[in-house]
Amino acid sequence: MAALPKRIIKETERLAKEPVPGINAVPHEDNLRYFDVSIHGPQTSPYEGGIFKLELFLPDDYPMTPPKIRFLTKIYHPNIDKLGRICLDVLKSNWSPALQIRTILLSIQALLGAPNPDDPLAPDVAKRWKEDQEGAIATAKEWTRTHAMT
Amino acid sequence: MGAKVPRNFRLLEELEKGEKGLGAEACSYGLTEGDDLLMSNWNGTILGPPHSVHENRIYSLTMHCGAEYPDKPPTIKFQNQINLPCVNPKNGVVDPSKLPCLSDWKYSNTMETILIELRRYMAHPNHKKLPQPAEGSTY
Chain A
0 MAALPKRIIK ETERLAKEPV PGINAVPHED NLRYFDVSIH GPQTSPYEGG
50 IFKLELFLPD DYPMTPPKIR FLTKIYHPNI DKLGRICLDV LKSNWSPALQ
100 IRTILLSIQA LLGAPNPDDP LAPDVAKRWK EDQEGAIATA KEWTRTHAMT
Chain U
0 MGAKVPRNFR LLEELEKGEK GLGAEACSYG LTEGDDLLMS NWNGTILGPP
50 HSVHENRIYS LTMHCGAEYP DKPPTIKFQN QINLPCVNPK NGVVDPSKLP
100 CLSDWKYSNT METILIELRR YMAHPNHKKL PQPAEGSTY
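Line by line, the protein sequences give chains A and U. Everything in the first sequence is counted per numbering that gives the first Met the number 0, starting at 0 for the first residue and increasing by one. Everything in the second sequence is counted per numbering that gives the first Met the number 0, starting at 0 for the first residue and increasing by one.
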């Protein structure tokens, strides 16, 4: 395998030395572009108290293209689909090489605190979020208890 | 060689290609359960190749990608009965030693590679006239 670019080494070191509160990202020993990630659900969100596992991969052309990332923990959220894929502008059209793993993970944590049912990836969840927000939040809390607190 | 794409991201790429129908027209594939976070179980279909006994038949298959995919190939099983030397006549399982893309498995091979090769195998001069079970019969 080709040597790991300096940029990725630096980012990895900084993630370990100055971790972001509530976020943990550790590379696999056998693939330093592949990270195990966990994100704590933000306070006062339906995901509070949950620890969500994600996986992150830095493709060959990173940072010219964004990291690939998805949830491994089931989550009830209008911008996250059944396979854990995330709809977030900075992971797509608004990606910039100036962004980093840590900024992306912070954006995902922020997305948990501010679901956006107007730009949905899970249409059924988004519909319920708009029509019955209280019920949707109750389901999100229930899924957090069932899937993210074990 | 560049970065090694981990199993799950590789399977997501295959899923997206399958969903968009960017692949070969005569083969299709997708997840058996849309919320299978492990993405282990897949369905495939092959449209029988023309000028063979398989013409106009549609074959359904199941494909299982284990934890070591794509370092190791998936297991492939026909749902519809088919008479082919590489398929176990009792249960429809494809014998990996008899299909080159499985026996000489490469990391870059995909489920689409397998479906296309199976279709080519069906159309092979030695196989295209083999007597076949009644259409629609399953294992």
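Glycine included, each C-beta is placed from N, C-alpha and C at the ideal position. Note that the coordinates shown come from a computational prediction; the quantities given were computed from them, not determined experimentally.
- Distances from the CA of residue 34(U) to each of 41(A), 35(A), 32(A), 72(A) were compared; the closest alpha carbon is that of 72(A).
- When 9 angstroms is used as the limit between beta carbons, residue 58(A) is near these residues of chain U: 1, 2, 4, 8, in chain order.
- For residue 12(U), the enclosing alpha helix (DSSP H) starts and ends at 6–19.
- Contact of residue 78(A) with chain U by beta-carbon distance below 9 angstroms is absent, the smallest such distance being about 16 angstroms.
- According to the DSSP assignment, residue 118(U) belongs to no beta strand (DSSP E) but to the alpha helix (DSSP H) extending over 110–122.
- Two segments are said to touch when three or more pairs of C-beta atoms, one from each, lie closer than 8 angstroms; by this definition the stretch 131–139 of chain A does not touch the stretch 94–110 of chain A.
- Interface with chain U (8 angstroms Cβ-Cβ cutoff): residue 75(A) is excluded.
- Collapsing the DSSP output to three states places residue 82(A) in coil.
- In the three-state reduction of the DSSP assignment, residue 100(U) falls in the helix class, which pools H, G and I.
- Residues of chain U with a Cβ closer than 7 angstroms to the Cβ of residue 30(A) are, in chain order, 3, 5.
- Shown in chain order are the members of the stretch 6–34 of chain A whose Cβ falls below 7 angstroms from a Cβ of chain U: 30, 32, 33.
- Shown here for residue 118(U): same chain residues with a beta carbon closer than 7 angstroms to its own, the five before and five after excluded, namely 25, 26, 45, 48 in chain order.
- Residue pairing of residue 126(U) in beta bridges, as defined by DSSP: absent, with no partner found.
- Residue 25(A) is classed as exposed because its beta carbon has fewer than 16 other beta carbons within 10 Å across all chains shown.
- When the Cα atoms are used, residue 52(U) and residue 120(U) turn out to be separated by approximately 13 angstroms.
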